[in-house]
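Just so you know, the sequences run in chain order L and S. FYI, the numbering for the first sequence is 1 to 184, going by the numbering used here. FYI, the numbering for the second sequence is 185 to 548, going by the numbering used here. Cβ atoms here follow ideal geometry from the backbone N, Cα and C, with glycine treated the same way. Model, not experiment: these values are computed from the prediction. Structure first, then comments.
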Amino acid sequence: MCRRYIFATALALFAVQSLFIHRFGEPYPAIVMPRFEGSGVYRARGVEIETYEAAFVAANGGATTVTPRVLLQEFPVNNHAAIGYFALKPTPTQGESVKTVTWLGRVRAAVFPGFRKRPGSSEYDDRLASLREWLTRRAATLAPGRSISQVEIRWWRENVRVTGGTPQVIQREPIGTLFVELER
Amino acid sequence: MDGSRLAHWETRMVDSYAMRPADLAVFRILYASYVLVSVVPVAAWLPRAPQAFFNPPIGPAALFTSPPRAEVLIGLNVLLAWFAAMLLVGWRTRLASIGSGLTLIVLDAWAYSLGHISHDILLVIAPLVLAFSTWGRAWSVDGAGESPNTRNDTAAGPMCLLAMLVAFAMLTAGWAKATHGWLDPRLKCTFGHLVYHYMFIGRETWGARWAFHLQSGVWWKSLDWATVALELSFFPAVLSRRAFCLMLAIAAIFHLGVLLLFNISFASNVIVYGAFVRYAQVVGIRTLSFDARGCRGKAAVFFTAALAVGLVGALGKHSVAAILRLPADDLIVWAGAITGVVFLAQRSFVPFYRNRLCSPGFPA
Chain L
1 MCRRYIFATA
11 LALFAVQSLF
21 IHRFGEPYPA
31 IVMPRFEGSG
41 VYRARGVEIE
51 TYEAAFVAAN
61 GGATTVTPRV
71 LLQEFPVNNH
81 AAIGYFALKP
91 TPTQGESVKT
101 VTWLGRVRAA
111 VFPGFRKRPG
121 SSEYDDRLAS
131 LREWLTRRAA
141 TLAPGRSISQ
151 VEIRWWRENV
161 RVTGGTPQVI
171 QREPIGTLFV
181 ELER
Chain S
185 MDGSRLAHWE
195 TRMVDSYAMR
205 PADLAVFRIL
215 YASYVLVSVV
225 PVAAWLPRAP
235 QAFFNPPIGP
245 AALFTSPPRA
255 EVLIGLNVLL
265 AWFAAMLLVG
275 WRTRLASIGS
285 GLTLIVLDAW
295 AYSLGHISHD
305 ILLVIAPLVL
315 AFSTWGRAWS
325 VDGAGESPNT
335 RNDTAAGPMC
345 LLAMLVAFAM
355 LTAGWAKATH
365 GWLDPRLKCT
375 FGHLVYHYMF
385 IGRETWGARW
395 AFHLQSGVWW
405 KSLDWATVAL
415 ELSFFPAVLS
425 RRAFCLMLAI
435 AAIFHLGVLL
445 LFNISFASNV
455 IVYGAFVRYA
465 QVVGIRTLSF
475 DARGCRGKAA
485 VFFTAALAVG
495 LVGALGKHSV
505 AAILRLPADD
515 LIVWAGAITG
525 VVFLAQRSFV
535 PFYRNRLCSP
545 GFPA
């Protein structure tokens with residue numbers, strides 16, 4: 001092992017890795033520990049949380065509503081937030097083509113075709129089909145015996161404040177719903 | 185500082201991380217046991233995920249556009265179990281170390297292909313770095329018949345590099361927090377994340393319920409600052425093995441706090457901190473080694489048993505620890521915290537030259 005300037009080398013690598021993460025997001029593998037930035041900052045009026053519930057709507061109008069934890073119980077709990085934000089949230093980009101403008105973006109898309117494959121024109125149909133198939137299976141488990149025609153992923157922005165030692169939702173507003181028609 | 189003094193200082197710093205092969209052998213066995221009992225299988229649940237959930241970060245999984253078939257993951261887990269069993273008995277240790285590290289990277293890349301990274305990178309890099317150490321020289325097939333306490337075979341370089349990587353990883357966490365509001369006196373970041381994890385993720389721990397009664401802004405802000413200070417302090421601390429071990433002890437206690445409040449277990453970190461413990465001095469295991477004649481027979485038995493444990497996990501849906509309802513990760517975090525407390529108590533109440541748990545050099 002080269003012992004000279006090891007400390008300076010480590011600092012230089014830290015700078016390069018930080019720059020990479022800033023530009024492209026966190027890769028894997030990377031020498032990184034949890035950053036706990038972003039959501040979850042408690043201000044004077046509480047903490048703002050985006051959450052959702054999944055409603056399995058029957059053809060006759062009734063609905064079975066479940067929490068994210070129940071909906072995604074096939075997967076480890078630490079994946080639930082990432083799955084929700086990526087795959088179950090209605091976004092303005094849904095259905096739009098991915099625009100690769102820069103040469104770097106084109107290279108990245110060629111080398112890492114799975115990276116940030118936002119729903120694009122052709123991929124979107126495949127992804128929606130796979131989501132529909134999965135939700136159909138979940139409907140059979142979570143609402144057995146009912147004829148589920150549609151699943152609605154209803155998103156809310158909640159303001160949570162801790163009063164008297166208990167977290168309480170003090171404000172809740174809807175921010176969008178993802179509608180998925182199921183196979184019959 | 186002129187060049188020769190800098191070189192001398194660097195040599196002293198690196199050499200202070202020297203470990204006996206016997207110490208590293210204990211760590212090698214702990215590491216391999218943890219992988220076999222608690223880590224395998226990795227990503228066994230992934231084939232159930234629809235393509236819509238596939239959202240890998242840049243890395244090996246992003247080379248593909250959908251999750252792999254179940255057979256691929258089973259094969260990789262069997263390979264990991266095989267390498268970990270080799271590591272346990274110290275058979276072709278360098279190959280087993282590199283194999284374990286690389287297989288873990290590939291499996292973890294798939295495990296994180298739904299967008300969430302669990303930050304157990306230290307568990308991955310430890311065998312890759314220690315492959316070039318002497319952790320296969322004692323209690324092993326490779327080192328059968330050798331003395332485990334050879335003084336001139338100390339693995340200082342890889343250990344120093346591992347310390348540097350641990351400190352580096354901690355620095356990334358501390359730096360991100362420091363530059364994203366954790367130092368802002370108006371924000372309560374730890375408290376906010378506690379509420380977020382409790383309400384959204386569903387981590388309803390008794391520790392969180394208890395902590396919600398602590399409304400003092402000073403307390404929560406102090407916790408934010410203390411967290412950032414701890415994570416940033418690792419990097420300068422790595423210059424002194426004594427200071428680095430002190431940081432490891434505090435971090436081990438910190439991880440217990442995270443477990444109790446958030447129900448997030450950093451057992452993988454705690455296991456890697458164990459690489460810096462001088463086990464031989466603590467539990468009096470200075471002279472044990474495989475007998476050269478009986479070694480292969482014993483090793484074959486241990487290897488077969490270890491592989492069987494790994495295969496139970498690799499071919500099933502749950503780890504052996506989960507099947508036995510053994511909270512292995514939680515126990516490791518608790519053990520780490522207790523070790524940290526004992527170490528700090530020794531530093532506080534026992535004369536420094538008698539400190540045995542993480543002492544520098546090789547006392548007579």
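*Which term fits S:GLY259, buried or exposed, when burial requires 16 or more other beta carbons within 10 angstroms of its beta carbon?*
When all chains shown are included, S:GLY259 counts as exposed.
_Tell me the DSSP secondary structure of S:ASN336 in three-state form._
With a pLDDT of only 49 at S:ASN336, under the threshold of 50, the placement of this residue in the model should not be trusted, and no figure is reported.
*Across which residues does DSSP place L:ARG132 in a beta bridge pair?*
Bridge partners of L:ARG132: none, in fact.
*asked:* Is there a Cβ of chain S sitting closer than 8 Å to that of L:ARG126, yes or no?
replied: Note on identity: in this sequence residue 126 of chain L is Asp, with Arg being the wrong assignment. When Cβ-Cβ separations below 8 Å define contact, L:ASP126 makes contact with chain S.
*For L:VAL162, name the three-state secondary structure that DSSP assigns.*
Looking at L:VAL162 - three-state DSSP - the assignment turns out to be strand.
*Tell me, to the nearest whole angstrom, how far the beta carbon of L:VAL151 is from that of L:VAL107; I am working on the premise that it is less than 8 Å.*
At roughly 38 Å, the Cβ-Cβ gap does not stay under 8 Å, so L:VAL151 and L:VAL107 are not in contact.
*Is S:VAL224 near S:SER503, with beta carbons less than 8 Å apart?*
Result yes, Cβ atoms of S:VAL224 and S:SER503 sit closer than 8 Å.
*Is it true that the CB of S:LEU528 sits closer than 8 Å to the CB of S:ALA433?*
Yes, these two residues count as a Cβ contact at 8 Å.
*Where does the unbroken alpha helix (DSSP H) through L:ALA143 begin, and where does it stop?*
Note, L:ALA143: premise wrong, no alpha helix (DSSP H); not H, not E.
*Using a Cβ-Cβ distance under 8 Å, would S:TRP319 count as near chain L?*
Output row for S:TRP319: interface = no.
*Between the beta-carbon of L:ALA30 and the beta-carbon of S:ILE305, is there less than 8 Å?*
For L:ALA30 and S:ILE305, yes; Cβs fall inside 8 Å.
*Under 9 Å Cβ-Cβ, which residues of chain S neighbour L:PRO80?*
A small correction: the amino acid at residue 80 of chain L is His; Pro does not occupy that position in the sequence shown. The contacting residues are HIS300, PHE384, ILE385 and GLY386.
*Any beta-carbon of chain S closer than 8 Å to the one on L:LEU182?*
Taking Cβ atoms only, chain S never reaches closer than 8 Å to L:LEU182, which makes this a no.
*For L:LEU71, which residues in chain S fall below 8 Å Cβ to Cβ?*
Within 8 Å of the CB of L:LEU71, no CB atom of chain S is found; the nearest one sits about 12 Å away.
*Using 8 Å as the threshold, is the stretch 268-279 of chain S in touch with the stretch 313-332 of chain S, meaning 3 or more CB pairs across them?*
Output reads yes: the stretch 313-332 of chain S touches the stretch 268-279 of chain S.
*Rounded to the nearest angstrom, how far is the Cβ of L:ILE175 from that of L:ARG161, given a contact under 8 Å?*
Not really, about 19 Å apart at Cβ, beyond 8 Å.
_Within a Cβ cutoff of 7 Å, which residues of the same chain sit near S:ALA395, ignoring the five residues on either side of it in sequence?_
Here S:ALA395 has LEU378 and LEU445 as same chain residues with Cβ atoms under 7 Å from its own Cβ, once five neighbours each way along the sequence are excluded.
*Sorry if obvious, but does the Cβ on S:SER532 come closer than 7 Å to a heavy atom of the ligand ZN?*
For the ligand ZN, the structure offers nothing, since it holds no ligand at all.
*Can you check DSSP and say which residues form a bridge with L:GLN171?*
Bridge partners of L:GLN171 according to DSSP: L:ASN159.
*asked:* Quick check on S:TYR380 - is its C-beta less than 8 Å from some C-beta in chain L?
replied: Yes, its Cβ sits closer than 8 Å to a Cβ of chain L.
*Selection of the stretch 43-59 of chain L by Cβ proximity to chain S, strictly under 7 Å*: Flagged, chain order: ARG43, VAL47, ILE49 and THR51.
*Please classify S:PHE237: does DSSP put it in a helix, a strand, or coil?*
Helix at S:PHE237.
*Nearest-angstrom Cβ-Cβ length linking S:ILE242 and L:PHE24, presumed shorter than 8 Å*: Rounded to whole angstroms, the Cβ separation of S:ILE242 and L:PHE24 is 6 Å, and the two are in contact under 8 Å.
*For the putative contact between S:SER317 and S:MET343, defined by C-beta atoms under 8 Å, what is the C-beta separation to the nearest angstrom?*
S:SER317 to S:MET343, Cβ: 7 Å. Contact.
*Residues sharing a beta bridge with S:THR389, DSSP*: In the DSSP output, where bridge partners are listed per residue, S:THR389 has none listed.
*Is S:LYS372 helix, strand or coil when you go by DSSP?*
Strand, per DSSP.
*asked:* Quick check: the stretch 49-56 of chain L against the stretch 64-79 of chain L, are at least 3 beta-carbon pairs closer than 8 Å?
replied: Enough Cβ pairs lie closer than 8 Å, so yes.
*Among S:LEU440, S:ARG204 and S:VAL308, which has the Cα closest to the Cα of S:ARG462?*
For S:ARG462, the closest C-alpha among the options S:LEU440, S:ARG204 and S:VAL308 is that of S:ARG204.
*Test item: CB-CB of L:THR141 and L:GLU183 under 8 Å*: Result no, Cβ atoms of L:THR141 and L:GLU183 do not sit closer than 8 Å.
_Pairwise C-alpha distance: S:ALA269 and S:HIS481_ = It is worth fixing the name first, because residue 481 of chain S is Gly in this sequence and not His. Approximately 15 Å between the Cα atoms of the pair.
*Could you tell me how far apart the beta carbons of S:ALA310 and S:LEU346 are, in whole angstroms, since I believe they sit closer than 8 Å?*
That belief holds up - the Cβ atoms of S:ALA310 and S:LEU346 are roughly 7 Å apart, short of 8 Å.
*Could you tell me which chain L residues have their CB closer than 9 Å to the CB of S:TYR457, listed as they occur along the chain?*
Near S:TYR457 there are no residues of chain L at all, since even the closest Cβ is about 13 Å away, more than 9 Å.
*Note down, in chain order, all residues in the stretch 124-158 of chain L with a beta-carbon under 8 Å from any beta-carbon belonging to chain S.*
Taking a C-beta cut-off of 8 Å against chain S, the contacting residues of the stretch 124-158 of chain L are ASP126, ARG127, LEU128, SER130, LEU131, GLU133, TRP134 and GLU158, listed in chain order.
*asked:* My output table needs one value for L:GLY46: the three-state DSSP class, helix, strand or coil.
replied: Look at L:GLY46 here: in three-state DSSP terms it is strand.
_If contacts are defined as beta-carbon pairs under 8 Å, then L:ASN78 and S:SER217 qualify, I think. What distance do you get, rounded to the angstrom?_
About 24 Å separates the two Cβ atoms, so there is no contact after all.
*Would you kindly work out how many angstroms separate the C-alpha atoms of S:ASN336 and S:ALA202, rounded to a whole number?*
Interpretation of S:ASN336 is limited by its pLDDT of 49, a score under 50 that renders its predicted location unreliable; no figure is taken from the coordinates.
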